[in-house]
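I have placed the structure first, in the form of structure tokens, so that the comments after it can refer back to it.
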Amino acid sequence: MFESQVEERIFNETFKGDEPTNLNACVGNNGNPQQPEYAQGFIDASISLCKLVVEDDSNHLVDHYIYPIAFNMRHGVELWIKYFIQELSHIRKELVVDTVKLTATHDINILWKEFKKSAHAKDISFSVVTGKLDEYINNIGEIDPTAQTFRYPFSNESIKHLTQTPIINIRNLASRLVSMKTLLEELRSLIYSLIDDYNTGSYTSKLSRSQLLEIADELPPKELWHNDAFVYAKQAIKLKYNLSSNRDFNKAIDIIKVNYEMAFLINAPLTLKELTKEDLVKFLECWDVYHPHKEVNPLGTSIFDYSSRFVKADVKLEHAALISLKDSLSLESFADIAALYELGRFPLYSEKYPDWYTNQYDEIKSASRSDGDLLQFIQHYLNKTNFPRFLFLSLRLLKQDILISEIVKMSDSFEKEVASICSK
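So the sequence shown is residues 4 to 427, counted in my numbering.
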């Protein structure tokens, strides 16, 4: 199988691998470069050529290099726009984008117009960065709409290109190119962020997740929702976010009430799935047995230089604490503890918490068929030296402020951990 794959490869004296190996570029399925790498490569190549020309004192390179500089720039931008169009399909998937039809054209004006139309329909926040990019893309579309101007000196009708634009300053072009590259990267970051936002499911047909967070912050505390304050806030919100019906407003309210981050903003914080303060304290007390604060040996010898008698005592103490913990907490509580740790590793969206809980409960339910497997599951988290940090990160994300304030009283190290997290 391997030999047949090698035989199918095509190398020649021009296109082949060689020494030094760090200059062997990976293409095709080797390294699997994607469209962003292609797009960025053309843009960066254009910037590098600009730098070469600007730094050349002879000025002999200016007329020769303008064509590859501008061609690479334009092609890189076209690739970026086509990639952005494809990525839009991951945002509000119910709003379908005809990616096949759009990516078949090379007309940068059509591509940019359709991208903006689809992007703005999916999320209004696109308008800021597309507004900044408009001038740059439109400038390219005015001079080279279909990727022919800088590729050939003449059009298909034998008309010479650029007769109406006889001078192009490369220093200015380089400056514009660097600014445009920054904006393209800003747009890419926004798309990735919005993909994550919409994957949480916290949005309506009229409102994005960020808008729901804004609305939650603009609402009065939930205990005042029967007062005039709520009526006034409702009217203002419907007007501000163009919500034409009470149904649209109520959809927003339904999401806000069950979202950990949003519910906190209306003074109606949600509780954890199953874990109580008492059970968490028991787990942390057991964790402390696994991670005692040992004093540093003043003689400078290894902190692991203990006699076997003390090592055995530690192991026995740990095992006794583990068994006691297993008998004290429910499977649901252990699943919640594990979910909080996993959520804390990437504490970006509170919506991930229920999924983590479900996954961890399924795991511990399966492990509970064997005492050994169950103990191993519990011990896996007790062994984590970074457990408190990830725990507090997830509790902070889930707006469990009261629980955090109670837990930090257990240990100075916990208090320092929380202070470190809150300072960032």
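For each residue, glycine too, the CB sits at the ideal point set by N, CA and C.
In this text, all values refer to a predicted model and were calculated from it rather than measured experimentally.
Open item on the list: Taking CB distances under 8 angstroms as the criterion, tell me whether HIS294 reaches chain D.
Closed with: Protein chains in the displayed structure number just one, and chain D is not present.
TODO: Assign PRO301 to one of three DSSP states: helix, strand, or coil.
DONE: The residue labelled residue 301 in the question sits at position 298 within the sequence shown. Annotation note: pLDDT 41 at PRO301 (below 50); position unreliable, coordinate value reported separately. Reduced to three states, the DSSP call for PRO301 is coil.
Task: Which listed residue (THR274, SER373, GLU366 and TYR384) has its alpha carbon closest to that of LEU406 - done: The residue given as residue 406 occupies position 403 in the sequence shown. Nearest to LEU406 by C-alpha distance, out of THR274, SER373, GLU366 and TYR384, is THR274.
Task: Simplified DSSP state of LYS387, which is helix, strand or coil - done: Start at 1 with the first residue of the sequence shown, and residue 387 comes out as number 384. DSSP places LYS387 in coil when its eight states are reduced to three.
TODO: Can you give me the Cβ contacts of LYS402 inside the same chain, cut-off strictly under 7 angstroms, excluding the 5 residues immediately before and after it?
DONE: Working through the sequence shown from its first residue, we reach residue 402 at position 399. Around LYS402: TYR263, GLU264, PHE267 and PRO272.
TODO: Just tell me which of VAL56, ILE140, GLY347 and LEU165 has its CA closest to the CA of PHE395.
DONE: In the sequence shown, residue 395 corresponds to position 392, counting from 1. Comparing alpha carbon positions, the residue from VAL56, ILE140, GLY347 and LEU165 closest to PHE395 is GLY347.
TODO: Note down the Cα distance separating TYR86 from GLN38, rounded to an integer number of angstroms.
DONE: Here the question's residue 86 lines up with position 83 in the sequence shown. Here the question's residue 38 lines up with position 35 in the sequence shown. Each residue's Cα considered, the two are about 7 angstroms apart.
Open item on the list: Helix, strand or coil for PHE2? Go by DSSP, reduced to three states.
Closed with: One cannot answer for residue 2 here, as it falls past the ends of the chain, which runs 4 to 427.
Open item on the list: Tell me the residue span of the alpha helix (DSSP H) that contains CYS289.
Closed with: In the sequence shown, counting from the first residue as 1, residue 289 sits at position 286. Note, CYS289: alpha helix (DSSP H), 280-293.
TODO: Starting from the Cα of ALA3, find the closest Cα among LEU287, TYR206 and LYS280 and give me that residue.
DONE: Residue 3 falls outside the range modelled here, since the chain spans only 4 to 427, and no answer is possible.
Task: Buried or exposed (CB count within 10 angstroms, at least 16 for buried), PHE14 - done: If you number the sequence shown from 1, residue 14 lands on position 11. When all chains shown are included, PHE14 counts as exposed.
Open item on the list: Does LYS54 come out as helix, strand or coil in the three-state DSSP assignment?
Closed with: The residue given as residue 54 occupies position 51 in the sequence shown. Looking at LYS54 - three-state DSSP - the assignment turns out to be helix.
Task: Rounded straight-line distance, which links the Cα of LEU328 to that of LYS368 - done: What you label residue 368 is simply residue 365 of the sequence shown in a count that begins at 1. What you label residue 328 is simply residue 325 of the sequence shown in a count that begins at 1. So the two alpha carbons sit approximately 17 angstroms from each other.
- [ ] Let me know if ILE69 comes out buried or exposed under the rule of 16 or more other beta-carbons within 10 Å of its beta-carbon.
- [x] As a working mapping, residue 69 is identified with position 66 in the sequence shown. Classification of ILE69: buried, given that the 10 Å Cβ count is 16 or more.
Open item on the list: Given a cut-off of 8 angstroms on the beta-carbon distance, is the pair LYS184 and ILE84 in contact?
Closed with: Locating residue 184 in the sequence shown gives position 181, where the first residue counts as 1. Locating residue 84 in the sequence shown gives position 81, where the first residue counts as 1. The Cβ atoms of LYS184 and ILE84 do not sit closer than 8 angstroms to each other.
- [ ] Starting from the N-terminal side, write out each stretch of the alpha helix (DSSP H) that is 4 residues or longer and does not extend beyond the segment 327-382.
- [x] Taking 4 residues as the shortest admissible run, the segment 327-382 contains the following complete alpha helix (DSSP H) segments, listed from N- to C-terminal end: 334-348 and 355-370.
Task: Closest by C-alpha distance to ASP376, when choosing among LEU325, PHE349, SER416 and ASP415 - done: Stepping through the sequence shown from its first residue, residue 376 is reached at position 373. With respect to the C-alpha of ASP376, the residue from LEU325, PHE349, SER416 and ASP415 having the closest C-alpha is LEU325.
Open item on the list: Considering only their Cβ atoms, is the gap separating GLU145 from HIS109 smaller than 8 angstroms?
Closed with: Translated into positions along the sequence shown, residue 109 becomes position 106. Translated into positions along the sequence shown, residue 145 becomes position 142. It is not a contact, given that the beta carbons lie outside the stated cut-off.
Task: Assigned exposure category for ASN159 - 16 Cβ within 10 Å defines buried - done: As a position in the sequence shown, residue 159 is number 156, starting the count at 1. Classification for ASN159: exposed.
Task: DSSP beta-bridge partners of PHE429 - done: No answer is possible for residue 429: the residues shown for the chain start at 4 and end at 427.
TODO: Can you say whether PRO391 is buried or exposed, counting buried as having 16 or more other CB atoms within 10 angstroms of its CB?
DONE: In the sequence shown, counting from the first residue as 1, residue 391 sits at position 388. Buried, because 16 or more other Cβ atoms sit within 10 Å of the Cβ of PRO391.
Task: Beta-carbon spacing of LEU278, ILE340 below 8 angstroms - done: Translated into positions along the sequence shown, residue 278 becomes position 275. Translated into positions along the sequence shown, residue 340 becomes position 337. For LEU278 and ILE340, yes; Cβs fall inside 8 angstroms.
Task: Coil, strand or helix - GLY134 by DSSP - done: On the sequence shown, residue 134 is found 131 positions in, with the first residue counted as 1. Note: GLY134 maps to helix in three-state DSSP.
Open item on the list: I'd like the list of long-range same chain contacts for TYR139, defined as Cβ closer than 6 angstroms, with 5 residues on each side in sequence excluded.
Closed with: Taking the sequence shown and counting its residues from 1, one reaches residue 139 at position 136. Excluding five sequence positions before and after TYR139, the CB atoms of its chain that fall closer than 6 angstroms to its own CB belong to MET183, given in chain order.
- [ ] Name the two residues that bound the continuous alpha helix (DSSP H) containing TYR235.
- [x] Looking up residue 235 in the sequence shown gives position 232. Unbroken alpha helix (DSSP H) run through TYR235: 231-243.
- [ ] Could you say which of GLY79, LEU52 and THR166 lies nearest to HIS67 if we only look at CA atoms?
- [x] Counted from its first residue, the sequence shown places residue 67 at position 64. Looking at the Cα atoms, LEU52 is the closest of the given residues.
Open item on the list: Between which residues of its own chain and PHE18 is the CB-CB distance below 6 angstroms, once the five residues before and five after are set aside?
Closed with: Taking the sequence shown and counting its residues from 1, the one referred to as residue 18 is at position 15. Same-chain partners within the cutoff: there are none.
Open item on the list: In this structure, how does DSSP classify GLU145 when only helix, strand and coil are distinguished?
Closed with: Stepping through the sequence shown from its first residue, residue 145 is reached at position 142. Assignment of GLU145 by DSSP, reduced to helix, strand and coil, places it in the helix class.
Open item on the list: Under DSSP, the alpha helix (DSSP H) around ILE173 begins and ends at which residues?
Closed with: Locating residue 173 in the sequence shown gives position 170, where the first residue counts as 1. Annotation for ILE173: the continuous alpha helix (DSSP H) segment containing it runs 173-202.
Task: Where GLY31 falls: helix, strand or coil (DSSP) - done: Within the sequence shown, numbered from 1, the residue matching residue 31 stands at position 28. Three-state DSSP puts GLY31 in coil, outside helix and strand.
TODO: Below 8 angstroms CB to CB, which residues in the same chain sit around VAL261 once its five sequence neighbours on both sides are set aside?
DONE: As a position in the sequence shown, residue 261 is number 258, starting the count at 1. Around VAL261, the same chain offers LEU273 as residues with beta carbons nearer than 8 angstroms, after the five sequence neighbours per side are excluded.
Open item on the list: So, at 7 angstroms on beta carbons, what are the nonlocal neighbours of ILE381 in its own chain, with the 5 sequence-adjacent residues on each side left out?
Closed with: The residue labelled residue 381 in the question sits at position 378 within the sequence shown. Around ILE381: LEU325, LEU328, LYS329 and PHE337.
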